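Structure, as structure tokens:
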Amino acid sequence: MELSKREKLWVFWGYLVIFNGLQILISIGYVIIYTLDYIKENGGFFASDDLLFMEDQLKEYLTLKTPVIMIVSSIIILIIFYLILKKFLKVELNKFLGTKELKVLSIVGFIIMLLGNYFISSLYILLGIEGNSANQDAVVDLLVVSPLLMSLTVVLFIPIIEELMFRKVILEYFRKWGNIIGIGISSLMFGLMHVITGDIIFLPIYVIMGIVLGYIYLKSNRNIYVPIVAHALNNLLSVLLTLLIG
Numbered sequence: 113m114e115l116s117k118r119e120k121l122w123v124f125w126g127y128l129v130i131f132n133g134l135q136i137l138i139s140i141g142y143v144i145i146y147t148l149d150y151i152k153e154n155g156g157f158f159a160s161d162d163l164l165f166m167e168d169q170l171k172e173y174l175t176l177k178t179p180v181i182m183i184v185s186s187i188i189i190l191i192i193f194y195l196i197l198k199k200f201l202k203v204e205l206n207k208f209l210g211t212k213e214l215k216v217l218s219i220v221g222f223i224i225m226l227l228g229n230y231f232i233s234s235l236y237i238l239l240g241i242e243g244n245s246a247n248q249d250a251v252v253d254l255l256v257v258s259p260l261l262m263s264l265t266v267v268l269f270i271p272i273i274e275e276l277m278f279r280k281v282i283l284e285y286f287r288k289w290g291n292i293i294g295i296g297i298s299s300l301m302f303g304l305m306h307v308i309t310g311d312i313i314f315l316p317i318y319v320i321m322g323i324v325l326g327y328i329y330l331k332s333n334r335n336i337y338v339p340i341v342a343h344a345l346n347n348l349l350s351v352l353l354t355l356l357i358g
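For what it's worth, my numbering labels the leading residue of the sequence shown as 113, then goes sequentially.
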């Protein structure tokens, strides 16, 4: 089922402005609250010597609040998406639940992503590249802070939000120049979104993930729940391994 132009605009700007904007606004609110409390506790405005100490304390404070920030912004944007896309989401869900092939395709996509990740990780080891992307490290740290909130966000909410944005809007927009162009550009944008902190060396991991999700999306006759489920399974495995091993 195709989204209308209005619905696509809601997803696009909702993701960029509302979802990401809410995270920024809530973070700013926490910074203001923390700063006011800090000033109050220190009997007035603080000296410049305190700035470095305050900066470290503020980073730690925001880390503790980030799981709350992420789940609140995720729930709000998903409520908006549901109100705007209610009919579309119900029709697509019924097709997915009623078609065995679509569910199998989600699992196949998940397995292919695992194999792709294993191949890239093995290549990194051969090249002497160690560690994980900043995005992955951040998720691991936040899972330690709040396992429940981060698990809900990463496994249930983020796959829905990202698949609507990168597959149903961006891939659909660029596929008018061909499916390969649509998958390629949407996968590159998906990858860049996960390495915006400068760890570009890990871009291939996310681009391959995006290619697989884009392929199974088109293969499923563009049913959005196929990449959503595959994405969610991938994130679930990552979360479980982090909680069990970490």
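Here a beta-carbon is modelled for each residue, glycine too, at the ideal position from N, C-alpha and C. All values derive from a computational prediction rather than experimental measurement.
Residue span of the alpha helix (DSSP H) that contains residue i, given as start and end
{"i": "L235", "result": "K212 to L239"}
{"i": "Y127", "result": "That residue, Y127, is in no alpha helix (DSSP H); it is neither H nor E in DSSP."}
{"i": "S139", "result": "N132 to E153"}
{"i": "L115", "result": "L115 -> no alpha helix (DSSP H), and no H or E assigned at all."}
{"i": "I357", "result": "Y337 to I357"}
CB contact below 7 Å: residue i versus chain D
{"i": "V338", "result": "This model lacks chain D altogether, as it is built from one protein chain only."}
8 Å contact criterion, which residue i and residue j should meet: CB distance rounded
{"i": "P339", "j": "G221", "result": "7 Å"}
{"i": "I241", "j": "I308", "result": "The pair is not a contact, with the Cβ atoms about 19 Å apart (cut-off 8 Å)."}
{"i": "Y337", "j": "L190", "result": "Not confirmed; about 14 Å, so no contact."}
{"i": "I192", "j": "I151", "result": "With a Cβ gap of about 36 Å, I192 and I151 do not count as contacting."}
{"i": "G322", "j": "G294", "result": "Wrong, their Cβ atoms sit about 11 Å apart, outside the cutoff."}
{"i": "A342", "j": "L325", "result": "6 Å"}
{"i": "W122", "j": "I196", "result": "5 Å"}
{"i": "D138", "j": "S185", "result": "In the sequence as presented, Asp is not what sits at residue 138; that position holds Ile. About 7 Å separates the two Cβ atoms, so the contact holds."}
{"i": "D253", "j": "T175", "result": "7 Å"}
{"i": "I188", "j": "L264", "result": "At roughly 14 Å, the Cβ-Cβ gap does not stay under 8 Å, so I188 and L264 are not in contact."}
Fill in: Uninterrupted alpha helix (DSSP H) stretches inside the stretch 251-318 (no shorter than 4 residues)
259-263, 270-275 and 291-306
Discussion item. Would the stretch 210-217 count as touching the stretch 266-282 if we require 3 or more Cβ pairs under 8 Å?
Written reply: no
Practice prompt. Would you check if there are 3 or more beta carbon pairs closer than 8 Å linking the stretch 278-289 to the stretch 220-236?
Written response: no
Worksheet item: Should the stretch 138-147 be called in touch with the stretch 228-243, which here means at least 3 C-beta pairs below 8 Å?
Response: no
Discussion item. Any contact between the stretch 255-275 and the stretch 172-181? By contact I mean 3 or more CB pairs, one from each, below 8 Å.
Written reply: yes
Fill in: Segment contact, 8 Å Cβ cut-off, at least three pairs: the stretch 341-350 with the stretch 283-290
no
Discussion item. Just to confirm the assignment: which complete alpha helix (DSSP H) runs, minimum length 4, are found wholly within the stretch 170-202?
Written reply: Scanning the stretch 170-202 from its first residue to its last, no whole alpha helix (DSSP H) run of 4-plus residues comes out.
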